[in-house]
Each structure stands twice: as structure tokens, then as C-alpha cells.
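In this note's numbering, the protein residues as written are 22 to 175.
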């Protein structure tokens, strides 16, 4: 929120800003959008995650995660394009199904493995798939289409 406020201070309208994040950065961007204290055009997130690896999460972090899921789930609308990856051991896509029910969120789950869209992936760590050519080359148009839809036409 502070970054968005700083952009506004120097004259950049929030309706032209898109928050982008990977993992906890994607989750934090969703929280900023949900809170609605600053104006943004949308959220582009990859592998949204919170509270560490799901298998070793401490109870206090699990409770906070549950609280944040409830908070996000009550959002009236969030412009977001979120990518998740099958086989992500940190935050499996099946653990974030609640995102499907938030109006405005387009949640894309990409298959893990050795390739996406026929482009080799070498996907030993699916949580980091967004940093690979197989993601960039196959999802570019989808990302640009979402951005175009969120930005004002003037």
C-alpha cells in the first residue's frame, strides 16, 4: 500500500498500477487489493502462498492463514490473474480453491512436469515455474490480455 501511495503522490494514478508478486508477494498483493485502501488496476500473481510449507506449518501460522483466507473470501471483487502449478509442494493448488469463489479472480492451474504447451520446463521445483521460459513463452498473451482489460481505455 505504501508503494501505491508513493506512486499516487508523484502523480501516477492507481488505475494504471498492477501489483505483481510471486509466492508470498502474490498473497500480499491480494491482501492489498482486498483491503481496498489504495486504488490499483489488478493483481498478477504466481504461486500465491502464505505461512510456509503446508506440511510443517506451525498452528499459529495455520490460524493466521485461515483468518486471511476468510478475509480474502469476503472480497466483493478482485481483478486478478493468478497462476498456480501442479506439484507445487509449498502451496498445492488444491489448498487454495477458495480463490475460485472470489469475483474477478481468474485462477489458472498449469500442469507440472517436463513441459508447458510443448516448451521444455525442467520443472523439478514447480513453485518457481513462473521464472522459466516454459511459463513466459506460453502465458505471455494471457497476461497481456488481462492487463489490457484492467487498464483504463483513455
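Even glycine gets a Cβ: it sits at the ideal position worked out from N, Cα and C.
Practice prompt. Please classify residue 150: is it buried, with 16 or more other beta-carbons within 10 angstroms of its beta-carbon, or exposed?
Written response: On the chain shown, position 129 is the one that residue 150 refers to. Flag for residue 150 reads buried.
Worksheet item: If you count every other CB in all the chains shown that lies within 10 Å of the CB of residue 124, and 16 or more means buried, which is it?
Response: The residue labelled residue 124 in the question sits at position 103 within the chain shown. Classification for residue 124: exposed.
Worksheet item: In terms of residues, what are the limits of the alpha helix (DSSP H) holding residue 191?
Response: Examination of residue 191 is not possible in this model, given that the chain is present from 22 through 175 alone.
Discussion item. Let me make sure I understand the geometry here. Which of 116, 99, 142, 140 has the alpha-carbon closest to that of residue 50?
Written reply: To locate residue 50, count along the chain shown from 1; it is residue 29. Relative to the Cα of residue 50, the nearest Cα in the group 116, 99, 142, 140 belongs to 99.
Discussion item. According to DSSP, residue 105 sits in a beta bridge with which residue or residues?
Written reply: The sequence position of residue 105 within the chain shown is 84, counting from 1. The partner list for residue 105 (beta bridge, DSSP) reads 130.
Item to complete: For the region 101-119 and the region 63-80, state whether three or more C-beta atom pairs, one from each stretch, are separated by less than 8 Å.
Response: Output reads yes: the region 63-80 touches the region 101-119.
Item to complete: Look at residue 9 and residue 107 and say whether their C-beta atoms are less than 8 Å apart.
Response: Nothing about residue 9 can be read from this structure; the chain reaches only from 22 to 175.
Item to complete: Leaving aside the five residues before and after residue 122 along the sequence, list all residues of the same chain whose C-beta is less than 8 Å from its C-beta, in chain order.
Response: Residue 122 sits at position 101 when you count from the first residue of the chain shown. Take residue 122, set aside five residues on each side of it, and the residues of its chain with a beta-carbon closer than 8 Å to its own are 94, in chain order.
Worksheet entry | 6 Å CB neighbourhood of residue 138 in its chain, flanking five on each side removed | Along the chain shown, read from residue 1 onward, the residue named residue 138 stands at position 117. Taken in chain order, the residues that qualify are 159.
Worksheet item: Do you know whose CA, among 74, 102, 144, lies nearest residue 169's CA?
Response: Within the chain shown, numbered from 1, the residue matching residue 169 stands at position 148. Of the listed residues, the one whose Cα sits closest to residue 169 is 102.
Worksheet entry | residue 39, DSSP secondary structure in three states | Taking the first residue of the chain shown as position 1, residue 39 is located at position 18. DSSP places residue 39 in strand when its eight states are reduced to three.
Worksheet item: Which stretch, first to last residue, makes up the beta strand (DSSP E) that contains residue 13?
Response: Residue 13 falls outside the range modelled here, since the chain spans only 22 to 175, and no answer is possible.
Discussion item. Spatial neighbours of residue 35 within its chain, please: C-beta separation below 8 Å, excluding the five flanking residues on both sides.
Written reply: Walking along the chain shown from the start, residue 35 turns up at place 14. Closer than 8 Å at Cβ, skipping near neighbours: 25, 28, 29, 59, 60, 61, 62.
Worksheet item: What is the DSSP secondary structure of residue 52, counted as helix, strand or coil?
Response: As a first step, residue 52 must be located in the chain shown, where it is residue number 31. Helix at residue 52.
Discussion item. Starting from residue 154, trace the alpha helix (DSSP H) in both directions and tell me its first and last residue.
Written reply: Locating residue 154 in the chain shown gives position 133, counting from the first residue. Here the alpha helix (DSSP H) through residue 154 covers 154-171.
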